[in-house]
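Numbering (the numbering used here), first residue to last: 17 to 813.
Structure, as structure tokens:
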Amino acid sequence: MVELVETPALPERLQLALAAHARWRDAGIHLVGVRHHSPGCAAALAALLDEVRPAVVLIEGPREYTALLPALADERTRPPVAILSVGERTSGFYPLADFSPEWVALRWGTASGATVDFIDASYADIADPDGTEVRTLQAEHHLARSALIAAVGDRLGCRDHDETWEHLFEVRSPEALADWRRFFADTLAWGAMARLDADRELLDADGTHAREAVMAAILDRYRDTSGGVVVVTGAFHTLALLDVLENTPEAAWVRAKAGAALDPKRDAWLIRYDFDRLDGLRGYGAGMPAPGFWQRAWQARSDGIDPRRFATEVVLEVAERLRTTGEPAGSATAMDAVGHALRLAELRGRGWPGRTDLTDALLSCFVKDDLGLSGAIGEALRGVFGGPTLGQIPDGLAAPPLVAEARREASRLRFVIDDATPRQVSLDTQRKPSHVKRREFLARMRFIGSGFARQLGGADLVQGTGAGLLFEDWEYAWTPLVEAALIAASARGATIAELVRAGVSKRLDDEHLGAGRVARLITELLVMGEPDALRPALDALRRCYDDEVHLGSVVASLHALVSLSAAQGRLSLGEHGDTVAELIGTGLACAAHLIAPLSGLRPEDQPGACDDLIGLRSLLLRLENSSSAETPPLRRELRLLRRDPRTPARLHGCLLGLGFSDAELDADELARASAAHLAPGADPERVADFVLGLLQAAPDLLLHTPELVEALNAALGAMEPEAFLTVLPDLRRAFTWLKPTETHALAAMLARLTGAAVTELDTVLEADPLLAERAASVERDLVASLRRDGLTEWVAS
């Protein structure tokens, strides 16, 4: 064991601090520097509290958390839990486990009748230089970045900061942990080493000094209390508090930041938490990695279990998890791993097997390949060392009623919310009313932004996909972030119904609202089982049809309305069926009104307009097949646009393709209508645009009209090389609309037409569409550069 306190080369400031630490301890002021979520610190602190029995217990944590002490002290509150602070744009978590020193301190203090107070700056006053939306309020990045601590780890042969801490503190024997005077002198030295190589300007900038000014001010309130004071803070802050008590020159750095409110009136809430989110190996920014392991170690020490039995229980649980996945994990191998872990701990001078001892032993005994702690063994370890099981908090104890309502409704509908494990459920909303109720709840929770549920597939009525499928596939999980989201949302509404209404109002007030978005909202309301809330949305859609200028938005809205009419088995329009039918007629009239202006579209708007026309054609087929609405006016407007000489080439090609597909044109009419675009000597860009629109609308059209293929081949063959290179990227993109089999058939047609071999023409290349578009853009730029430099003839040759 490294003797931090007795090392002769300690810096002078640290030597003075250790002496001051002992003096103030003897005077009844116990500065307890801890690592958050350290069971070793928790055990030493428990020994201190039982011996000293202080009158005051002060704990690092935002000041407003003191109001939650009755809820935290309630016997029904079972860790892991977290205190949640919600700001305007950020949220802060303060997790607590059974083995967290802060938990031990507050439970001992409240049970013993001591005065318990949180002494950190209010959450709203704590600087966040990274600007993260969700953060931990127990971050220990200064310790992890310390060069001095890293040097100690290197000297000990430890692999990282966590193993160094584990080796020096966590694996002490129970008797050594009970020696709290020595233990907390050592943690002071540990934290002070990080403090000594920290930059003062950084501590100013990240709010450390400002927070310590509040801690020092609250400590000053209690320092003269008879009976003694215990101050539990992160070890990094202990030296700063000693500086203030001793009035050292460095104390001025803290005092200069005084000024934050000492008694703020701000809300904080208590939520359930889980070990997976408490795990430093999964991104949590404070405390011990593998909290599930340390929970077991904490419980084993509390129950007086010896190290061998503890190691055996951990290894057997890992082996059992492995066996459930089909991996061989025999008892002999498990016992070898136990012995290996104990021998490693002994070799490393540890009084108790630590996480790294068990992990190294399992790696040696269970892993037979070069995959390391991945695959099945990695999953088994994550299950044992972490876990999604949530803590317990009585509903309504320290959270808004909205959380209790959501949990109550989820339980009533048989959703599992006892842990944070994601679960999937398939709901037969076509035939089972109970499944409809479950879907409605999932959809409401999704709509209010709780993060509880998302749809994975199946019949997605909001997206308009999978309408012919019986089942809807959803995933849900009650995680700590769900409770955090509900608490944040409670500022907008006290119940789920209020939040839905508020969400509807917010969307309808959007100044950029269009018909498509309103129709989607109408669908969402029905999926949530909220037909009574439809009236404002239906009225908004009617107003959109009066002012809408985007054909695509109207087409999207009509597709949604038609789907609603066809989904009466799954959704209930209630008394609004006639209104929806009326709106479909109004929307069709609006769409017809928006077709003629397409003749004057700018080039950059034409690809999107083709998509809109294709969507409109799909809508017309749906309506005509169901005979649910009158479509002749729309068909008439499309024919007029197709015959309008001002219609851009791309739209004209699209309209011709759609007309041919719908049998409004035969092959001869198509050839005649295409002649103006494909005649020898035609504008190359017009040829390319026409082909783009034609193939976008009807990719297989060329396969059925040899006359069109001949005309296109002649038009391309008549182009000058420079002109051909100019339009080549667009032509290549146009032919990507064809499937590989269609490309092969077209190659055969061209081979017969030109006398070439099919193998010379039929080369299929697969590429990501975004990559293809980027490549086409690069090619266009290259061609333009060649034209500027007069090199097109050289390239063509």
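Glycine included, each C-beta is placed from N, C-alpha and C at the ideal position.
_According to DSSP, Q408 sits in a beta bridge with which residue or residues?_
Per DSSP, R94.
*Would you check if the distance between the CB atom of I234 and the CB atom of E499 is smaller than 9 Å?*
no
*Of the residues I99, D90 and G207, the one placed nearest V50, counting alpha carbons only*: G207
*So, V516 versus I464, is the Cβ gap smaller than 9 Å?*
It is a contact, given that the beta carbons lie within the stated cut-off.
*What is the residue span of the alpha helix (DSSP H) that Q315 lies within?*
P307 to S318
*How about L654 and L632: are their beta carbons less than 9 Å apart?*
yes
*Are there 16 or more other CB atoms within 10 angstroms of the CB of A612, so buried, or fewer, so exposed?*
exposed
_Measuring only the C-alpha atoms, how far is L255 from L204?_
7 Å
*Classify P648 as helix, strand or coil using the three-state DSSP reduction.*
helix
*Beta-carbon separation of I512 and L418 under 9 Å?*
yes
*So, is E76 buried or exposed, given that buried needs 16 or more other C-beta atoms within 10 angstroms?*
buried
*Three or more C-beta pairs closer than 8 Å, one from the region 704-711 and one from the region 656-673: is that the case here?*
Contact between the region 704-711 and the region 656-673 is present, with at least three C-beta pairs closer than 8 Å.
*Best match in A140, M461 and T445 for proximity to A475 [C-alpha to C-alpha]*: T445
*Looking at the C-beta of E266, does it have a partner C-beta in chain B at a distance below 9 Å?*
Looking at the structure shown, chain B is missing, and only one protein chain is on hand.
_Please classify Q154 as buried or exposed, where buried requires at least 16 neighbouring CB atoms within 10 angstroms._
buried
*asked:* At the level of alpha carbons, what is the spacing between P190 and L47?
replied: 22 Å
*Could you tell me whether the Cβ atoms of S581 and V571 are closer together than 9 Å?*
no
_Taking its Cβ as the centre, do 16 or more other Cβ atoms sit within 10 Å of Q479, making it buried, or is it exposed?_
exposed
*Could you tell me whether the Cβ atoms of K281 and A229 are closer together than 9 Å?*
no
*Rounded to a whole number of angstroms, what is the C-alpha to C-alpha distance between E266 and V260?*
Annotation: E266 to V260 spans about 8 Å, alpha carbon to alpha carbon.
*Same chain only: Cβ atoms within 8 Å of E758, ignoring 5 sequence neighbours per side*: P715, D716 and L719
_With a threshold of 7 Å on Cβ separation, who are the neighbours of W181 within its own chain once the five nearest residues in sequence on each side are excluded?_
R51
*By Cβ distance, which residues of its chain are closer than 6 Å to L537, with the 5 residues on each side in sequence left out?*
R523 and A553
*Proximal residues to S615 (C-beta, below 7 Å), its chain only, five neighbours per side dropped*: Apart from sequence neighbours up to five positions away, the residues of its chain that approach S615 with a beta-carbon distance below 7 Å are L657, D660, R662 and T663, ordered along the chain.
*Over what stretch of residues does the alpha helix (DSSP H) that includes G243 continue unbroken?*
Premise fails: G243 is in no alpha helix (DSSP H) and is neither H nor E.
_A469 (DSSP reduced to helix, strand or coil)_ = strand
*asked:* Once the 5 residues before and after Y238 are set aside, which same chain residues still bring their CB inside 7 Å of it?
replied: V72, L74 and V245
*By Cβ distance below 6 Å, which residues in the same chain neighbour S116 in space, the five residues on each side in sequence not counted?*
H53
*For L64, which option in A192, L184 and G399 has the closest C-alpha, if you only look at C-alpha atoms?*
A192
*Rounded C-beta distance between S569 and G530? I'm assuming under 8 Å.*
4 Å
*For W40, name the three-state secondary structure that DSSP assigns.*
helix
*Among the residues of its own chain, which have a CB less than 6 Å from the CB of A816, if the five just before and after it don't count?*
Nothing can be reported for residue 816, as the shown portion of the chain is limited to 17 through 813.
*Check whether the Cβ atoms of L577 and I600 sit closer than 9 Å, and answer yes or no.*
yes
_For P78 and A277, I'd like the C-alpha separation in whole angstroms._
11 Å
*What does F372 pair with, by DSSP beta-bridge criteria?*
Strictly speaking, residue 372 in this sequence is Thr, with Phe absent from that position. T372 is not bridged to any residue.
*Would the C-beta of R51 count as close to the ligand HEM, meaning under 8 Å from any of its heavy atoms?*
As far as ligands go, the structure on display features none, and thus does not contain the ligand HEM.
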